[in-house]
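Structure record follows, encoded as structure tokens.
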Amino acid sequence: MIEDSPFVAAAPVLVPMPAERPYTYAVPAGMRVVPGSIVRVPLGPRQVAGIVWDGAVETVDAKKLRPIEQIFDCPPIDRAMRRFVDWVAQYTLSPPGMVARMLLRAPEAFDPEPWIEGLQRTLLTPDRMTGARERVLETAEGGLAWTRSGLAHAAGVSSTVIDGLRAQGVFETVMIPPRPVVAAPDTSYAVPELMPDQSDAAQLLRANVAAGVFNVALLDGVTGSGKTEVYFEAVAAALDQGKQVLILLPEIALTHAFLERFQQRFGAKPGEWHSDLPPRMRERVWRQVAEGRVRVVAGARSALFLPFRELGLIVVDEEHDPAYKQEDRVFYNARDMAVVRGHIGSFPVVLASATPSVESRVNASQGRYNRAVLSARFAEAALPHLKAVDMRRAPPARGGFLSPVLLDQMRQTLGKKEQSLLFLNRRGYAPLTLCRVCGHRFGCPVCSAWLVEHRFRGQLVCHHCGHNERRPEACPECGTLDHLVACGPGVERIAEEVVAHFPDARTIVLSSDLMGGVRRLRLELEAIANGEADIVIGTQLVAKGHNFPNMTLVGVVDADLGLANGDPRAAERTFQLLSQVTGRAGRTGKKSLGLLQTFQPDHPVMRAIVSGDAEAFYEREIAERERAALPPFGRLAGVIVSAVTRAEAEGHARGLRRAAPEATDLFVLGPSEAPLSLLGGRHRFRLLIQGERRADMQGFIRAMLANGPKQRGSVRVQVDIDPQSFL
């Protein structure tokens with residue numbers, strides 16, 4: 001077993017691959033490693049980075065051990081993070097090496113950043129003085145070191161002026177440490193004046209931070225109530241204690257607006273961490289987080305695996321958002337894992353949402369979480385008046401999807417020079433294209449899904465695997481020209497209808513597949529906030545925390561869309577999404593309206609949203625979950641078996657079902673074809689395991705996998721503990 005200090009002859013090293021345990025390596029004479037050291041080791045013909053792990057080494061003939069090649073000059077991964085990696089691996093039934101892989105995402109950051117050549121003023125003076133030289137010397141007063149280009153830019157001179165002064169000895173060359181990626185936040189920069197209920201909530205969060213122990217607070221506030229300003233007070237308290245802070249956000253598109261708000265409060269932006277970050281910046285952020293130089297990080301779910309040196313607070317904004325669930329390689333929910341990270345590190349966690357998850361509401365009601373409620377909007381802003389539009393009584397015109405009621409309100413809103421938002425959670429032009437003559441439907445060749453028409457791009461696209469093809473003029477089945485018809489609406493089709501009704505209005509379509517990616521999306525969001533659009537048509541992206549000051553009308557085109565599936569969370573998701581999107585209206589005090597087009601105006605979700613009685617919805621939804629023993633009152637896990645042939649997938653799934661151990665508190669449903677039975681050319685069968693809250697779900701599944709058939713050929717098995725998606 002290795003200790004925290006001595007030299008050792010062998011050490012366990014966890015490598016970033018599907019390894020179930022660390023591998024044992026020899027430690028060369030003179031090399032000192034400790035648990036958490038990041039090292040380079042041989043693995044087959046390759047050299048890979050790994051982490052020296054805890055525990056005993058295997059008893060292996062020393063002559064057979066391969067040596068550690070290099071120890072990186074990098075702060076070791078601390079014990080709390082190592083325990084977290086082990087916990088995530090055990091809970092999600094993932095190989096620990098694959099969890100460690102998420103921690104080692106920036107290999108170029110394992111070595112220190114190079115120092116920069118700079119210039120510093122000496123006591124010498126130039127042989128003659130010019131205006132340009134005088135400006136340089138004034139700029140360089142104070143003894144600070146400058147880069148050559150930085151000094152030239154600050155003094156407003158050319159670099160040749162700097163070179164001339166250096167040649168005369170007026171400046172000497174010095175080495176400057178690498179610049180921080182962001183400036184240090186100042187907790188006293190712009191302390192806000194909080195409303196009474198905000199102040200009470202902030203006091204609770206500050207007290208949680210001051211306690212210096214693990215606790216979870218649920219910040220439950222209506223849209224526009226100022227939750228961000230409240231949890232910024234917890235951030236300030238943690239920073240004042242010398243701690244680092246992680247703020248998780250569900251969408252990259254939200255990051256830019258959030259960074260601006262953070263800078264307004266603390267005088268500097270936080271470090272960023274998300275997939276859109278350039279590789280070099282990712283490496284610098286990773287390194288400076290490990291060194292403790294970056295004090296606050298705002299990032300997507302993967303930021304949870306950054307190697308913080310002094311982490312003392314995690315905030316999970318929009319904690320209900322499904323984007324926190326990763327469904328690739330290691331299946332985990334970042335919200336739940338953030339709570340675990342706080343527990344292991346003994347520090348507080350804040351969960352914030354206008355529409356908390358049922359799980360968080362139950363945890364709060366049972367006393368496991370503290371709950372702070374913000375029931376009113378900030379300042380004078382009022383919540384929008386909400387109304388259901390019964391599509392049976394006010395149907396749209398033939399070929400259209402917008403009711404006369406909604407169109408009339410849009411006309412009035414335009415007349416007042418205010419903005420309207422139309423929400424439809426369907427990308428593209430139409431979800432299905434078919435031939436009027438023979439009935440041929442365009443489906444994905446490798447998925448059991450219809451191709452979505454994107455008319456702006458002239459393509460048919462599969463939103464599951466990415467397959468795309470040009471939209472043909474003739475039916476590929478019968479050859480008939482000009483008889484292909486689009487069925488159902490997507491946001492592009494709604495935009496077409498809007499332009500027909502309001503040709504002079506400035507219209508913007510927002511969708512995650514917008515040409516130009518995240519940068520274009522951010523520009524569009526800024527344009528909307530600045531009043532440069534009259535009508536916005538968007539998918540769920542528009543529901544996520546944006547502040548549009550002049551938005552006074554929100555129309556939900558198909559409020560029933562999320563209810564039309566067998567997902568046990570369908571009602572909760574629909575309630576959250578529609579509440580969030582209607583909350584975009586009226587955030588600056590103007591009278592506002594939200595219209596929900598529905599064929600089910602008496603559905604409990606619709607009644608709860610229109611009446612504003614969220615408590616009644618949660619009460620009903622929690623009672624139904626409890627009756628059905630569904631999370632959080634019971635446990636669920638999905639096992640997805642996929643293979644190139646249907647027979648292989650089904651046979652393996654049935655073999656696993658037969659291998660399930662006997663248990664009184666757990667039972668297996670299936671196997672049955674997954675709703676998306678063919679994905680990327682692979683046939684998929686699903687087992688669903690349901691059990692009591694305290695049942696040993698992981699032990700049950702481990703036994704089933706161990707006793708079941710071995711994975712051979714093209715068969716792959718994925719385990720999803722606490723599934724969020726049932727496709």
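The C-terminal residue of the sequence shown carries number 727 in full-length UniProt numbering, and the numbering is unbroken.
Note that beta-carbon positions come from the ideal geometry of N, C-alpha and C, so glycine has one too.
Simplified DSSP state of residue i, which is helix, strand or coil
i	result
phenylalanine 171	strand
asparagine 550	coil
asparagine 333	strand
serine 420	strand
alanine 352	strand
isoleucine 721	strand
proline 631	coil
isoleucine 116	strand
asparagine 208	helix
glutamate 3	The pLDDT assigned to glutamate 3 is 44, lower than 50, so where the model puts this residue is not dependable; a value taken from the coordinates is nonetheless given after this. It is coil, neither helix nor strand.
glutamine 366	coil
tryptophan 450	strand
alanine 202	helix
aspartate 513	coil
alanine 388	strand
glutamate 662	coil
Nearest-angstrom Cα separation, counted from residue j out to residue i
i	j	result
methionine 17	isoleucine 71	19 Å
threonine 552	leucine 521	21 Å
alanine 496	leucine 481	Just to set this straight, residue 496 is glutamate in the shown sequence, not alanine. Those two C-alpha atoms are separated by around 23 Å.
alanine 268	serine 159	29 Å
methionine 603	glycine 594	The sequence as given places histidine at residue 603; methionine does not occur at that position. For histidine 603 and glycine 594, the distance between alpha carbons rounds to 17 Å.
arginine 265	glutamate 251	21 Å
threonine 433	alanine 500	22 Å
phenylalanine 548	phenylalanine 423	14 Å
glutamate 113	valine 285	11 Å
proline 12	glycine 655	35 Å
glycine 345	alanine 298	19 Å
serine 511	alanine 323	15 Å
glutamate 572	histidine 683	30 Å
histidine 454	aspartate 722	34 Å
arginine 287	threonine 355	35 Å
aspartate 4	arginine 32	Reliability fails at aspartate 4, whose pLDDT of 44 lies under 50, so the model's placement of it is uncertain and no value is given.
arginine 79	leucine 277	28 Å
valine 315	leucine 248	6 Å
With 16 other Cβ atoms within 10 Å as the buried cut-off, status of residue i
i	result
histidine 153	exposed
arginine 121	buried
asparagine 530	exposed
cysteine 487	exposed
valine 245	buried
asparagine 363	buried
tyrosine 23	buried
tyrosine 189	exposed
threonine 598	buried
threonine 255	buried
glycine 55	exposed
cysteine 462	buried
Endpoints, the beta strand (DSSP E) within which residue i is located
i	result
glutamine 711	Looking at the DSSP string, glutamine 711 is not in any beta strand (DSSP E), and its letter there is neither H nor E.
leucine 679	666-679
glutamine 288	No beta strand (DSSP E) contains glutamine 288, which is instead part of the alpha helix (DSSP H) from 279-291.
residue 749	There is no way to answer for residue 749, as the model of the chain reaches only from 1 to 727.
isoleucine 38	38-43
proline 12	10-14
valine 57	Careful: valine 57 lies outside any beta strand (DSSP E) and carries neither H nor E.
glycine 415	Looking at the DSSP string, glycine 415 is not in any beta strand (DSSP E); the run it does join, the alpha helix (DSSP H), is 404-415.
threonine 582	Counting along the chain, threonine 582 falls outside any beta strand (DSSP E), though it belongs to the alpha helix (DSSP H) covering 570-582.
valine 605	It is not in any beta strand (DSSP E) - valine 605 instead sits in the alpha helix (DSSP H) that spans 604-611.
Boundaries of the alpha helix (DSSP H) in which residue i is found, first to last residue
i	result
valine 77	Here residue 77 turns out to be isoleucine, not valine, going by the sequence shown. Neither: isoleucine 77 is in no alpha helix (DSSP H) and is coded neither H nor E.
threonine 130	Per DSSP, threonine 130 belongs to no alpha helix (DSSP H) and is neither H nor E.
alanine 106	Segment: none, alanine 106 is in no alpha helix (DSSP H) and carries neither H nor E.
aspartate 240	227-240
residue 731	Past the edges of the chain, shown from 1 to 727, lies residue 731, and the structure says nothing about it.
valine 498	491-501
Taking contact to mean 3 or more Cβ pairs, one atom from each stretch, closer than 8 Å, check whether the region 306-315 and the region 689-696 are in contact. As far as the Cβ criterion goes, the region 306-315 does not touch the region 689-696, which means the pair count is below three.
Can you find at least 3 beta carbon pairs, one from the region 646-663 and one from the region 385-399, that sit closer than 8 Å? no
Would you call the region 224-235 in contact with the region 193-207, where contact means no fewer than 3 C-beta pairs closer than 8 Å? As far as the Cβ criterion goes, the region 224-235 touches the region 193-207, which means the pair count is three or higher.
Do the region 468-475 and the region 403-411 make contact, defined as three or more Cβ pairs closer than 8 Å? In short, these stretches do not touch, since the Cβ pair count stays below three.
Quick check: the region 174-182 against the region 291-298, are there 3 or more CB pairs under 8 Å? Between the region 174-182 and the region 291-298 there are three or more C-beta pairs closer than 8 Å, enough to call the two in contact.
On the three-pair Cβ rule with 8 Å, is the region 609-627 touching the region 572-584? As far as the Cβ criterion goes, the region 609-627 touches the region 572-584, which means the pair count is three or higher.
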